[in-house]
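If you're matching them up, the sequences are chains B and C in order.
Each residue of the first sequence is one higher than the last, beginning at -17 in the numbering used here.
Each residue of the second sequence is one higher than the last, beginning at -17 in the numbering used here.
Number of protein chains: 2
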Amino acid sequence: MAVKTTKKIRDADATQSRILAAAKKEFAKSGLSGARVDEIADRAKANKRMIYHYFGNKEDLFRIVLEDAYTDIRTAEQALELEHLPAREALEKLIRFTWNYYLKNPEFITLVNSENLHKARHLKQSDKIEVLFKRFVGMVGALLDRGVQEGVFRPGIDPVQLNITIAAIGYYYLTNRFTGSIVFQRDLMAPAALEERLAFNIETIMRLVCLDF
Amino acid sequence: MAVKTTKKIRDADATQSRILAAAKKEFAKSGLSGARVDEIADRAKANKRMIYHYFGNKEDLFRIVLEDAYTDIRTAEQALELEHLPAREALEKLIRFTWNYYLKNPEFITLVNSENLHKARHLKQSDKIEVLFKRFVGMVGALLDRGVQEGVFRPGIDPVQLNITIAAIGYYYLTNRFTGSIVFQRDLMAPAALEERLAFNIETIMRLVCLDF
DNA sequence: CACATAATGCACTAACTAGTTACTTCTTTA
DNA sequence: TAAAGAAGTAACTAGTTAGTGCATTATGTG
Chain B
-17 MAVKTTKKIR DADATQSRIL AAAKKEFAKS GLSGARVDEI ADRAKANKRM
33 IYHYFGNKED LFRIVLEDAY TDIRTAEQAL ELEHLPAREA LEKLIRFTWN
83 YYLKNPEFIT LVNSENLHKA RHLKQSDKIE VLFKRFVGMV GALLDRGVQE
133 GVFRPGIDPV QLNITIAAIG YYYLTNRFTG SIVFQRDLMA PAALEERLAF
183 NIETIMRLVC LDF
Chain C
-17 MAVKTTKKIR DADATQSRIL AAAKKEFAKS GLSGARVDEI ADRAKANKRM
33 IYHYFGNKED LFRIVLEDAY TDIRTAEQAL ELEHLPAREA LEKLIRFTWN
83 YYLKNPEFIT LVNSENLHKA RHLKQSDKIE VLFKRFVGMV GALLDRGVQE
133 GVFRPGIDPV QLNITIAAIG YYYLTNRFTG SIVFQRDLMA PAALEERLAF
183 NIETIMRLVC LDF
């Protein structure tokens, strides 16, 4: 079946996509409570009625936006194909990826923060998240094992703790960039500062994981 | 002048304290947008009018709550007197303190998150914060220098990067404890998990900073 | 082309929410 | 002890906000 290229006046899929993109922006900008449904409708150039038609209500919309965000980062991670690299290079690639993903997708961080403010009550309702993460933790676990076999990593490191730490040192810096820039009296988002931070983070993890560094 | 111990029916100071405490809870629970002024008044067992009388408006109240929270943690840090300990012990004490402070004062984390969602526009208005942090960064800088002199720390570590990392590895774990417990399928707040995390964090920093660990 | 169905728009409401007005009650001090 | 000012209250307002009822319009299919 040929894909229609005619620009339809009415296009359910396109409208839903626009609503999701708009919702992501608005929820990321203002949080769940601060986000305005009218604002989402405006941004999406859709009628508010459509939001309720396709997504039920504000909270359901938030849940779907959140699920999409998680799916997106985990999918990108799968595409790294770390298993084809020597362990140390693979680890560094993972650190760089995590940092750059947060940097280029600041909405991800804000959405996760918002969800935690609400004690993860939306994520609890989701069933497709667990599988996503099981695969991811497995990936890092395999990487650690391989590094030990190659004789470059220390044995006995918990992949979950390592994952959390790799995420933490990037996430915290970026989510708190506004207060951080004030209290430390330097522009944490200046290109040089970002490079410096990434280098520091790589060093932190390498010293933690590698036998000699 | 003797301090009155008689329980006054009307007590401006006591009312202000109750409002501040209530506001801290409510803002921490629901964020700035999600917090309700009526709810704060109820929690404080004060009339809503009093909030506007003493604190101007909701945003000003938030700013004061935030300033108090920052002052509180930095004051507690000063009390550590790290300069009286060998550098390695002092560093470990700082890591433990940071972790335990976040653990016992979860509102602090939520308030800072909320402020960053709003691009730190309230902190920008504050003037007493910079001094607080200058002293703190100076303290860690002095500790690093001393460790180098003692021959136990690597030279050339940026105290700001180190501060950020020490905060990050605790803060991220705790702020994302709800989503984290779901995606990693383990209770991140179980006593054993908390101990394990603290140990992992100490190891991370020690390996980063110490010459041999 | 006609009909069923899906997409969309408009105008509304019921509940909520920050902030205020006008007043009463208590406390201090000259 | 009386007056002045500070502390406190209740009821209200003006604006906002999530969610809906219902009519209308486009689209694919037989």
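Ideal Cβ placement from N, Cα and C applies to all residues, glycine included.
Check: Does the segment 50 to 59 of chain B come within contact of the segment 110 to 123 of chain B, defined as at least 3 CB pairs closer than 8 angstroms?
Finding: yes
Margin query: I'd like to know if serine 15(B) contacts chain C, where contact means its C-beta is closer than 7 angstroms to some C-beta of that chain.
Written below: Position 33 of the first sequence, counting from 1, holds the residue named residue 15(B). Closer than 7 angstroms to some Cβ of chain C, the Cβ of serine 15(B) qualifies, so yes.
Item checked: Candidates Arg128(C), Ala5(C), Asn82(C), of which the one nearest arginine 18(C) by Cα -> To locate residue 18(C), count along the second sequence from 1; it is residue 36. Out of Arg128(C), Ala5(C), Asn82(C), Ala5(C) has the C-alpha closest to the C-alpha of arginine 18(C).
Check: Can you name, in chain order, every residue of its own chain whose Cβ lies under 6 angstroms from the Cβ of threonine -12(B), other than the five neighbours on each side?
Finding: Taking the first residue of the first sequence as 1, we reach residue -12(B) at position 6. Residue confidence is low: threonine -12(B) scores 47 on pLDDT, short of 50, so the model does not pin down where it sits. Its coordinate-derived value is still stated next. Contacts found: none.
Margin query: Assuming glutamate 89(B) and alanine 10(B) are in contact, meaning their beta carbons sit under 8 angstroms apart, how far apart are those beta carbons, in whole angstroms?
Written below: Taking the first residue of the first sequence as 1, we reach residue 89(B) at position 107. Taking the first residue of the first sequence as 1, we reach residue 10(B) at position 28. With 8 angstroms as the limit, glutamate 89(B) and alanine 10(B) qualify as a contact, their Cβ atoms being about 3 angstroms apart.
Check: Does the segment 160 to 176 of chain C come close enough to the segment 129 to 137 of chain C that 3 or more CB-CB pairs lie under 8 angstroms?
Finding: no
Checklist line | Exposure label - histidine 66(B); buried when at least 16 CB within 10 Å | finding: Along the first sequence, read from residue 1 onward, the residue named residue 66(B) stands at position 84. Exposed, by the Cβ-count rule.
Check: Roughly how far, in whole angstroms, is the beta-carbon of aspartate 20(C) from the beta-carbon of lysine 30(C), given that I think they are within contact range, below 8 angstroms?
Finding: Here residue 20(C) is taken as the residue at index 38 of the second sequence, counted from 1. Here residue 30(C) is taken as the residue at index 48 of the second sequence, counted from 1. Right, the Cβ-Cβ distance comes to about 6 angstroms (below 8 angstroms), so this counts as a contact.
Item checked: Alpha-carbon to alpha-carbon, alanine -4(C) and tyrosine 154(C) -> For the purposes of this step, residue 154(C) is taken as residue 172 along the second sequence, with counting starting at 1. For the purposes of this step, residue -4(C) is taken as residue 14 along the second sequence, with counting starting at 1. Whole-angstrom Cα-Cα distance: 35 angstroms.
Checklist line | Burial state of alanine -6(C), where buried means 16 or more other Cβ atoms lie within 10 Å | finding: The residue labelled residue -6(C) in the question sits at position 12 within the second sequence. Its Cβ having fewer than 16 others within 10 Å, alanine -6(C) is exposed.
Checklist line | Residue range of the unbroken alpha helix (DSSP H) whose run includes valine 134(C) | finding: Taking the second sequence and counting its residues from 1, one reaches residue 134(C) at position 152. No alpha helix (DSSP H) holds valine 134(C); DSSP gives it neither H nor E.
Checklist line | Proximity test, Cβ basis, 7 angstroms: asparagine 95(B) and chain C | finding: Along the first sequence, one-based indexing puts residue 95(B) at 113. Chain C, which has a Cβ nearer than 7 angstroms to the Cβ of asparagine 95(B), makes this yes.
Check: Between which two residues does the alpha helix (DSSP H) containing isoleucine -9(C) stretch?
Finding: If you number the second sequence from 1, residue -9(C) lands on position 9. Segment: none, isoleucine -9(C) is in no alpha helix (DSSP H) and carries neither H nor E.
Check: Considering only residues of the same chain and omitting the five flanking positions on each side of valine 142(C), which have a CB-CB separation below 8 angstroms?
Finding: If you number the second sequence from 1, residue 142(C) lands on position 160. So the list reads Val119, once near-sequence residues are dropped.
Check: I think arginine 147(C) touches isoleucine 151(B), with their Cβ atoms under 8 angstroms apart; what is that distance to the nearest whole Å?
Finding: As a position in the second sequence, residue 147(C) is number 165, starting the count at 1. As a position in the first sequence, residue 151(B) is number 169, starting the count at 1. According to the sequence provided, residue 147(C) is threonine. The question's arginine does not apply to it. With a Cβ gap of about 6 angstroms, threonine 147(C) and isoleucine 151(B) count as contacting.
Checklist line | Residue nearest to asparagine 98(B) in terms of C-alpha spacing, selected from Leu180(C), Ser12(C), Phe160(C), Ile33(C) | finding: As a working mapping, residue 98(B) is identified with position 116 in the first sequence. Out of Leu180(C), Ser12(C), Phe160(C), Ile33(C), Phe160(C) has the C-alpha closest to the C-alpha of asparagine 98(B).
Margin query: Any C-beta of chain B within less than 9 angstroms: which residues of the segment 98 to 109 of chain C qualify?
Written below: Asn98, Leu99, His100, Lys101, Ala102, Arg103, Leu105, Lys106, Ser108
Checklist line | Residue-chain proximity (leucine 190(C), chain B), Cβ-Cβ < 7 angstroms | finding: Reading the second sequence from its first residue, position 208 is the one you call residue 190(C). It does: the Cβ of leucine 190(C) has a partner Cβ on chain B nearer than 7 angstroms.
Notebook entry, point to check: Roughly how many whole angstroms lie between the Cα atoms of leucine 85(C) and serine 15(C)?
Noted result: To locate residue 85(C), count along the second sequence from 1; it is residue 103. To locate residue 15(C), count along the second sequence from 1; it is residue 33. Leucine 85(C) and serine 15(C): Cα-Cα distance of roughly 24 angstroms.
Checklist line | Closest residue to glutamate 58(B) among Arg117(B), His100(B), Leu43(B) (Cα-Cα distance) | finding: As a first step, residue 58(B) must be located in the first sequence, where it is residue number 76. According to the sequence displayed, residue 58(B) carries alanine and not glutamate. Alanine 58(B) has its Cα closest to that of Arg117(B), out of Arg117(B), His100(B), Leu43(B).
Check: When Cβ atoms are compared, which residues of the segment 154 to 186 of chain B fall closer than 9 angstroms to chain C?
Finding: Tyr154, Tyr155, Thr157, Asn158, Arg159, Phe160, Thr161, Gly162, Ser163, Ile164, Val165, Phe166, Gln167, Arg168, Leu170, Glu178, Arg179, Phe182, Asn183, Glu185, Thr186
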